[in-house]
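Residue numbers (the working numbering): 635 to 1265.
Cβ coordinates follow ideal geometry from the N, Cα and C atoms, glycine included.
Written below as structure tokens is the structure these notes are about.
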Amino acid sequence: MNSNPEFRMTGSRISRREFLKISGFGLFVFFAAGDLSIFNGEAVGAPLPSDFNAFLKIGEDGRVSCYTGKIEMGQGVVTSLAQMLADELDLAFDSVDMVMGDTDLCPYDRGTYGSLTTRVFGPALRQAAAEARMVLLKLASERLEVPVENLLVELGEIYEKSHSANRLSYSDLTRGKRIEHHVSGPIAVKNPSEFKLMNHPKLRADAMEKVTGKARYAGDIQLEEMLYARILRPPAHGAQLISVDTTEAEKMPGVLVVQDREMVAVLHEKWDLADAALSRIKATYKRSESGIDNESIFNHLLRIAPAGSTIDTGGSIETGMEKAKIQVDSTFLDGYVAHAPMEPHTATVDLKGNKATVWPSSQTPFSAKEEAARELRIPSENVRVISPYVGGGFGGKTRNLQVVEAARLVRLTGRPVQVAWSREDEFFHDSFRPAAVVKIRSGVDSKGHISFWDYHVYFAGNRGAEHFYTIPNHQTASHGELWGVPPGVHPFAVGAWRAPGNNTNTFARESQIDIMAAKAGIDPLEFRLANLNKKEMKNVLTAAAERFDWQSKPAPSGMGRGIACGIDANTWVATMAEVDVDRETGEVTVNRIVCAQDMGLCINPEGAVIQMEGCITMGLGYALSEELRFN
């Protein structure tokens, strides 16, 4: 991310004409990704006009900047977006600057989540770049007195086909001018055969910064007179603070103790001394009564679940049951899982007069702006959020509790404050992937076809609950909502975790498919191929099987082989694994995994492979070693 603040918005929202006056010279192309009407009402403190949510600037120096509220958190979009932009504009990759997540420089954006950046914002960015290219071609045509169709573009220069010396650079065309264009309809973009950067492997633009330690995160921000804060946490969710003794902490030189209603915090100019001060606080709590623990939670979910809403249905379950030679009735339990990002929730807040700057580890910088403003009790247009790199989010950094805590302490102390959660905080104070239950009744007929499918998911939502198998008699129903509706479902906060709900539904569905295949005596690969009704899934499954060298015979004793198929964000996935199981200890050793994936147009194959490897690694943790236990 290249923060290139040639201009800065201050005060209340301005018009686009006013915006252009303070933005310097160049070609500006404004565009929208998605339906602006959905979130126009949310952009309360955004200083820019509300008829776009991103823009490009081709400056007098020929460099191209993309201003967007999206952020980079390890998913690689700072690279893939730059590839799209440079390719459509016929520029060198390093001629592009991505200015991301700065609320004074970038238009309002709801946040970076839902696999929307490359998939939804990316196509809009390509169209904006194609529009900019056409505008520049027309300008060059007028200056060179050559028809557009007789011009070529290469590395930011436009020249005549038959007379290559007759040329102009992008900087020649934008110097001393303010040119405005607004993408209002579909624009033709390049065909894959024309790609020079897209669909070609590209080393991540931020790789060198990150491996050398130069990349700045929220915890790397250092300010004069800044205090590091450690916050007293209750020993259990719902526990109420009865008494607190901070005497020993207050004896430490330089330690500042803050008590404000339920918040107790210690602050110091050095982290380790703030930690030491926190350990000296003595507190008494009253624990709330709760009969739920990590074992009883599933019965609790089933007991309070509302009647299901039908997601999909067809045929008759009764008819399918009559045709079934084999019936399988299963219940799948999926517990809570923590996000556990490499970088903990962190925020640094500085208040000067009635203007504040926030550096958060956040997936939603514009929400962080509003929340900081409320806590600081200043207008939101007086708050600037600058997004450094974010060290992983996985859906867990959308709530901005750390921003609220830091802003509150700034208001109470009058000094810059940095709040960084401890690992203990991450596994206690963060939200979690919700626990859920899936019940499935299904059957296989005498020909090896699935005759019926009765699927009920409790509190995981319908994402991923759909199936891609040919099943004439089927019903899929969802009971309760993913985020814990009705209230009181979960004993602590829950939220998004890696394709919310899909992980639970995929686990249950594909496990049931394996059980059915085993009971029918059919190889799990053959069973899937015989019942799949989507060619995209058949293609990735066949590709995975070929690379894995799947054998339709039992694995040796102590070894297991498995298959799973899934779809999310228009990406079809098939994965195969081979594991060894120690019969005495039960320990599972993963020998190899093969994953085949079809996401359509692949912008950066290098990035796609990294994403697949990361998902496999996180999935292994979810399956083998990660569990949230509570009582």
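Secondary structure note for TYR804: its alpha helix (DSSP H) is the uninterrupted segment 804–808. Taking 9 Å as the cut-off, the beta carbon of VAL733 is found no closer than this to the beta carbon of LEU719.
For TRP905, no beta strand (DSSP E) run applies; the uninterrupted alpha helix (DSSP H) run containing it begins and ends at 905–913, by DSSP. With contact defined as three or more Cβ pairs closer than 8 Å, the stretch 819–832 and the stretch 949–966 are not in contact. Our two residues, ASP854 and VAL1024, have alpha carbons roughly 11 Å apart in a direct line. Residue LYS1168 holds the alpha-carbon nearest to the alpha-carbon of ILE1105 among MET768, GLU694, ILE656, LYS1168.
By the Cβ-count criterion, MET842 is exposed, with fewer than 16 other Cβ atoms from all chains shown falling within 10 Å of its own Cβ.
A distance below 8 Å between beta-carbons, with the five flanking residues on each side excluded, links LEU1046 to the following residues of its chain, in chain order: VAL892, ASP894. Rounded to the nearest angstrom, the gap between the Cα atoms of CYS1249 and SER729 is 31 Å.
Considering only LEU759, VAL780, GLU858, PRO1158, the residue with the shortest C-alpha distance to SER798 is VAL780. With a 10 Å radius around the Cβ and a threshold of 16 neighbouring Cβ atoms, PRO1125 comes out buried. Annotation for PRO999: GLY703, ILE705, GLY735, THR737, VAL1019, SER1021 place their beta carbon closer than 7 Å to its own, counting only its chain and skipping 5 residues before and after.
Rounded to whole angstroms, the gap between the alpha carbons of VAL1044 and GLU788 is 51 Å. Rounded to whole angstroms, the Cβ separation of GLN1231 and MET1246 is 6 Å, and the two are in contact under 8 Å. The DSSP-derived three-state label of ALA1203 is coil.
Around the CB of ARG838, 16 or more other CB atoms lie within 10 Å, so the residue is classed as buried. Excluding its 5 nearest sequence neighbours in each direction, ARG1263 has C-beta neighbours in its own chain below 7 Å: ASN928, listed in chain order. For the set ARG1057, ALA1094, LYS772, the Cα lying nearest the Cα of VAL1071 is the one of ALA1094. Under the three-state reduction of DSSP output, ARG867 falls in the coil class, being neither helix nor strand.
Around the Cβ of GLY987, a 10 Å sphere holds fewer than 16 other Cβ atoms; the residue is exposed.
In this structure ILE915 is in contact with LEU866, their Cβ atoms being roughly 6 Å apart against a cut-off of 8 Å. Per the Cβ contact rule, the stretch 942–959 is in contact with the stretch 1106–1125 (3 or more Cβ pairs under 8 Å).
With contacts defined as CB atoms closer than 9 Å, ARG864 and PRO978 fail to qualify as a contacting pair.
Pairing GLU1005 with ASN1034, the inter-Cα distance amounts to about 8 Å.
Checking the DSSP bridge columns, you'll see PRO994 partnered with ALA981.
Beta bridge pairing from DSSP links GLY693 with GLY660. About 6 Å separates the Cβ atoms of ASN687 and ALA667, confirming a contact at the 8 Å cut-off. When only Cα atoms are considered, GLU1221 and VAL1215 end up about 6 Å apart. The stretch 873–890 and the stretch 1027–1042 do not touch, with fewer than 3 CB-CB distances between them shorter than 8 Å. Between SER913 and PHE1061, the alpha-carbon positions lie close to 18 Å from each other. In this structure, DSSP gives GLY948 an extended state, which the three-state scheme calls strand. Pairing ILE692 with LEU771 gives a Cβ-Cβ distance that is not under 9 Å.
If you ignore the 5 residues before and after HIS902, its C-beta comes within less than 8 Å of the C-beta of LEU861, TYR862, MET886, GLY888, VAL889, LEU890, ALA908, ALA911, all in its own chain and listed in chain order. Between the alpha carbons of ASP1183 and PRO1158 lies a gap of roughly 14 Å.
Annotation for LEU857: ASP984, PRO1050 place their beta carbon closer than 6 Å to its own, counting only its chain and skipping 5 residues before and after.
For a cut-off of 8 Å, the C-beta gap from LEU773 to LEU807 is around 5 Å, short enough to register as a contact.
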